[in-house]
Structures are given as structure tokens and as C-alpha cells.
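Peer 1: The structure follows.
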Amino acid sequence: MSTTPTGPSAAADGSVVVPRGTTPAAAPERPVTPDRVVPTWTDPVVRQASEVVGGPWGRFAVIGRALFWTPLRVCLLFAMLGLALAWVKQGPCSDGDWTGSVQYTHFCYSDTVPLFGLHGLDDGALPYLDSGVEYPVLTGGFMAAAAALSGAYDRAAGATALLPSVPAVQSYYAVTCLLLTACAFLVVRAVLALAGRRPWDAAMIGLSPLLVVHAFTNWDLFAVALATLGMWAWARSRPVLAGVLLGLGVAAKLYPAFLLGALFLLCLRSGLVRTWLRTAVAAVLAWVAVNAPVAWLAPENWGRFFRLNSTRPADPDSLWNLALHLTDGRILDGPLAEGQTPTVLNALVAVALLAGVAVVGWLTLSAPVRPRVPQVAFLLVAVFLLTNKVWSPQYSLWLLPLAVLALPRWRPLLAWQATEALLWVPRLLWYLGPDNRGVDVEWFLLAVVVRDLAVLALMALVVRDVLDPDRDVVRTSWPGVDDPAGGPLEHSPDRLRLRRSGGLLARRSGERVP
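In the working numbering, the protein residues as written are 4 to 517.
Okay, here's the thing in C-alpha cells:
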């Protein structure tokens, strides 16, 4: 790594520098290269895979002239194929008949099926108002919308012979999967826009093994779509719209709050705190707008999500559960009664999370070049998942668009997602139990460790790119690129930066940074 910052941030004399081998944004009138990065020229995995269809794209091939099969449509086609495979995988569980533990033996478990009856959606109950739901408000609204649409289909099928009649839970599940499919398409569209000159990076979403395994496990794709659209709005320099979308994302799952944290750290470094405040205020107002009516009408059921997260013990997929297993439950709170709050565990989770966030904050403010938005967001969400006491399998979808944008390299991303897909197998076989041809818990915990190591490896690669921007393929693959997802941050000079050895560098307009 060079001793001088080589990415597109402020140098000591106030000028803007870029990674070696690139030039400022000014470009010749007629570029001599394609107007986008060609994956078969730059990524060894894609280059090798292209041999199946004739090898890498030719040197003199025409690029950017397709009338129909544009990168967006091809990436959406990839997503459609992946989601179709996910639907086929989930087929044995769709009718709700789980006799013989079919949800485990066929690896098709989904929360949406049992919760349909458990929360009274089959009888027209409204989440929160008529039944307690353990999810944030917008996720409950998503469940109610799917139930309303499937109920309309059931009534139409009963009134005419033109439509096939299916069990109510099956029509509900089909509608839910269709809505989640639309969310996945929105994620692909937003990632393609956020990738800048690298539109084919969005193919990593559609061809994702993680998407195939967990697209329909829960409702998380809804929150992922809102969060990714919020990042797209920020990239388009629309901070208020970004705040609204991120606030709605927090109302579906809490993790988009860490995207607001990433924007705060980067805006603090760039002196754009006022811009961030507009986004944060819009996010709070959007969150309050959808939560306040439910909290007013059904305060007890509205607060169930927060109470559950307070009293919930260590999830099987968490590192805390691994520690408990290795010590036979002798550490942390020890054996707990039903509903008892694990106070020691909660305190340690909070301390570990704050420590991880502090490290990411220091890295963001002290890096030689301002990190890109997806890099900081990925690190914060990964820290949250690794330190949290709950890591439900579908939570890994939160990382997918962030990982693609932070580290758009096929080999490490596929390796990580392979561990996520493989973890699903011993998890369900452990639920099945060794007496029913399942596996012992040790196999499941081994898979958890492998998955966590894969996530840590991705984090290490992102940190390496942050510390040495010359390794960041986004910034070095096209002249003058800073951060395609940066929006107001793109090409902004540093106003505040921590010294790597301690201390603070503050820079005002016209003031030289020593």
C-alpha cells in the first residue's frame, strides 16, 4: 500500500486524488473502451464460466447496443430463474401438510406457513389489532396484505370453476412468495443502479445461492428491498426520500438503522452532517407515522416485538449459543426459567455490539481515503449479526446486496454463500433429531462456525480494500470513480479525519491539513 491516500478523497493540499491508474472525472469525448465494466475481462470466475458459452466477450464485440437484452433485463431473468428454483424447493411445504416432518426432510421450512394459522390470518384477523405478532409493524402489514389478496383469490375460486381451489394456507403462501419475488426484483434493480459502471454486479443477486435457499423462509426480502431502495435514493442525492425509505425499512426490520449509522459516519468525515440530519429526521418521521397508529390502538401487541427481543435467549445460530454449548450452560445467566430475561447475555451483547461499532467508526474516520457507503454499511450489519444473540437463517439476506456492492468479486461471495446454503442442511436435520435420521447438534454448530468464519473473511477483505483503496475493484475499474452509491458524499473532501496513531485532523475551507 502506498503511504499517500490514493482514492478519491482529499489530499493534504486539499486536492482530490484517485486510485493509481485512474484519472479525474473528465473523460474524452469518445471513450476507447466500453462504457461499462465487462465481467469476463475482469473477474477470473466469470471468465472461466464463460467458456461454457464460447469464452470471454470479444475485444471488438459491440457493447451497449442490445435492444432488449440489456444488463437489467438479463439480471432480472437470472433472479427469476433463481426464485423459480426457490419455489420448486419450497413446493413440498406449500400446502401446509407437514406430516412426517416434511419441512425438515425436504428442507422447505418457511415461517409463513405455520404463522398463517397461528396468528389467525386464516380467519381474517388483523395483526396487532386482533392478534399479537412478534414482528415490526410493516412486516405485520405485509402479512395482512398477503392474507387479503389470497382471501380474495379463495373467494373468486369458490365462485367460479375457472380458478383452481387450493387450501387457504397454500394460496396465502403463493401470494406471499409472489410479493417477495417483486421485492427481490426491486433489490436487483436498485443494486444495478448503485453499481455505477458495473451493472453486471447485479447478476450476483439473481444467481445467489443464498437467495435460492432463503428467499421465502421469512418476510425479510421486504425489508431488504426498502433498505436497498433507500440507498438508491441516497445515491441519487435525495436524502429526504432516502430517509423515508430507510425509516420504513426499520419499521419492517431493525437492521436498516445501521445503514443510517454508516451514512452518519461518512457524513461526519465529509462535513455533511446537516444532510444526514435531513435523512435521519425523515427516517424517524416515517417510522413514527406507521408505528404510532398501531401503538395507540394496540399498545400491548405493538410492544410484543420489543419484549420478545429482551427476553429471548441465545439463538441456535449465534456465537453465544456456541459458548453456552461448550460450557454446558455454566456461563452467562445459567439456566433460565420460561420468559426470564437473560440480563447478563443482553449486557454482553450490547457491549460487544458497541465495541464492534466503535471499531468500524474508527476505521471509517481514520482510513486513508473515505470508504464507500456499502463498505461501511456491510461492516456494521455484519458486526450486528456476529454479536447479536439472534441470527435467524434468513437474516443473512440483509448482507447480500451490501456484500455485492462492497466486494463485487464472485469467488469470495460464492464461497460465503455456499456456507450459508450448507448451514441450512444440518440446521433442519438437527431439528429432525438423530433418532429420525437427523444429526447431532455438534454438526450444526460446526456449520455455524464455518459460516461465521466466512463472514469474517469477507469483512477482512472489505477492511483491506478500505485501508488500501488500490485493491478496491470498484474504484480502480473505471477512471474517476469515487463511490457510485455515495450521492452527496461522492468526491467530497475530508473535513474531519482521525490520525491512525491517535488524534484528530480537522479541515476547514482553505485550511491545509498537516
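Cβ coordinates follow ideal geometry from the N, Cα and C atoms, glycine included.
When the Cα atoms are used, what is the spatial distance from W90 to L197?
Peer 2: So the alpha carbons of these two residues sit roughly 28 Å apart.
Peer 1: Mind checking which residues open and close the alpha helix (DSSP H) that includes R430?
Peer 2: That run of the alpha helix (DSSP H) goes W413 to L435.
Peer 1: For L269 and L492, which I take to be in contact (beta-carbon distance under 8 Å), what is that distance rounded to the nearest angstrom?
Peer 2: Their Cβ separation, rounded to whole angstroms, is 5 Å, which keeps L269 and L492 in contact under 8 Å.
Peer 1: Using C-beta distances below 8 Å, list every residue in its chain close to P212, excluding the 5 sequence neighbours before and after it, in chain order.
Peer 2: Excluding residues within five positions, the ones whose Cβ falls inside 8 Å are L417, Q420, A421, E423 and A424.
Peer 1: I think Y107 touches L435, with their Cβ atoms under 8 Å apart; what is that distance to the nearest whole Å?
Peer 2: Y107 to L435, Cβ: 4 Å. Contact.
Peer 1: I need the straight-line Cα distance from M146 to W290, nearest angstrom please.
Peer 2: Cα-Cα distance, rounded: 18 Å.
Peer 1: Between the region 175-186 and the region 374-390, do three or more beta carbon pairs fall short of 8 Å?
Peer 2: At 8 Å Cβ cutoff, the stretches do not touch.
Peer 1: Kindly give me the distance between the Cβ atoms of V256 and A226, rounded to whole angstroms, as I take these residues to be in contact under 8 Å.
Peer 2: Checking the sequence, you will find Lys at residue 256 rather than Val. Right, their Cβ atoms sit about 4 Å apart.
Peer 1: What does a CB cutoff of less than 6 Å around S174 pick up in its chain, not counting 5 residues either side in sequence?
Peer 2: So the qualifying residues of the chain are S153, Y156 and D157.
Peer 1: If distances are taken between C-alpha atoms only, which option among V384, R500, G135 and Q93 comes closest to L263?
Peer 2: Closest option to L263, Cα to Cα, is V384.
Peer 1: Can you check DSSP and say which residues form a bridge with S134?
Peer 2: P130, per the DSSP bridge assignment.
Peer 1: Report the residue from A206, L275 and G364 whose alpha carbon sits nearest the alpha carbon of W413.
Peer 2: Answer by Cα proximity: A206.
Peer 1: Ends of the alpha helix (DSSP H) at T278?
Peer 2: It spans V276 to L300 - the alpha helix (DSSP H) in which T278 sits, taken as one unbroken run.
Peer 1: I need the straight-line Cα distance from D497 to R272, nearest angstrom please.
Peer 2: If you take the alpha carbons of D497 and R272, they lie about 6 Å apart.
Peer 1: Would you tell me roughly how many angstroms separate the C-alpha atoms of N304 and V293, rounded to the nearest one?
Peer 2: Rounded to the nearest angstrom, the two C-alpha atoms are 15 Å apart.
Peer 1: By DSSP, does H328 sit in helix, in strand, or in coil?
Peer 2: DSSP places H328 in helix when its eight states are reduced to three.
Peer 1: In chain order, what residues of the same chain lie with their CB nearer than 8 Å to the CB of S369, ignoring the 5 residues before and after it?
Peer 2: These residues qualify, in order along the chain: R500, L501, R502 and R503.
Peer 1: May I ask which residues mark the beginning and end of the alpha helix (DSSP H) holding Y107?
Peer 2: Unbroken alpha helix (DSSP H) run through Y107: V105 to T108.
Peer 1: Counting C-beta neighbours from all protein chains within 10 Å, is the total for N221 16 or more, i.e. buried, or is it exposed?
Peer 2: Looking at its Cβ environment, which holds 16 or more other Cβ atoms inside 10 Å, N221 is buried.
Peer 1: Please state whether DSSP places L118 in a helix, a strand or coil.
Peer 2: In the structure shown, L118 sits in a helix (DSSP, three-state: H, G or I).
Peer 1: Might you give, ordered along the chain, the residues of its own chain that have their beta carbon closer than 7 Å to the beta carbon of L431, omitting 5 neighbours on each side?
Peer 2: Cβ neighbours of L431 beyond the five flanking positions: Y107, F110 and Y112.
Peer 1: Rounded to whole angstroms, what's the CA-CA distance from P117 to S97? Just pull it up for me.
Peer 2: Those two C-alpha atoms are separated by around 10 Å.
Peer 1: Shorter than 7 Å from the beta carbon of L229 to some beta carbon of chain B?
Peer 2: The structure shown contains no chain B, having only a single protein chain.
Peer 1: Should V372 and G489 be called a contact, given that it needs their Cβ atoms to be closer than 7 Å?
Peer 2: No, these two residues do not count as a Cβ contact at 7 Å.
Peer 1: Between V543 and R333, what straight-line distance do the alpha-carbon atoms span, to the nearest angstrom?
Peer 2: Because the chain spans 4 through 517 in this model, residue 543 falls outside it and cannot be assessed.
Peer 1: Would you mind working out which of Y131, A150, W394 and L356 sits nearest L300, comparing C-alpha positions?
Peer 2: Cα-wise, what sits closest to L300 is Y131.
Peer 1: Only counting the same chain, and skipping five residues up and downstream in sequence, which positions put a Cβ closer than 6 Å to that of V40?
Peer 2: If we look at V40 and ignore the five residues flanking it on each side, its Cβ neighbours are R200, R201 and S480.
Peer 1: Just how far apart, CA to CA, sit P59 and P259?
Peer 2: Cα to Cα, P59 sits roughly 38 Å from P259.
Peer 1: Roughly how many angstroms lie between the CA atoms of D38 and F447, to the nearest whole one?
Peer 2: So the two alpha carbons sit approximately 46 Å from each other.
Peer 1: Is the region 453-469 in contact with the region 338-355, if contact means three or more CB pairs nearer than 8 Å?
Peer 2: As far as the Cβ criterion goes, the region 453-469 does not touch the region 338-355, which means the pair count is below three.
Peer 1: How is K92 classed by DSSP in three states: helix, strand or coil?
Peer 2: The answer is helix: DSSP assigns K92 an H, G or I state.
Peer 1: Check the C-beta distance from D320 over to P396 and give it rounded, since I have them as a contact under 8 Å.
Peer 2: Confirmed, about 7 Å.
Peer 1: For S313, count the other beta carbons within 10 Å of its own beta carbon; 16 or more makes it buried, fewer makes it exposed. Which is it?
Peer 2: With fewer than 16 other Cβ atoms within 10 Å, it is exposed.
Peer 1: Is the beta carbon of L86 sitting closer than 7 Å to the one on T184?
Peer 2: Closer than 7 Å, so yes.
Peer 1: Just the Cα atoms here: how many angstroms apart are G123 and P47?
Peer 2: Straight-line Cα distance between these residues: approximately 51 Å.
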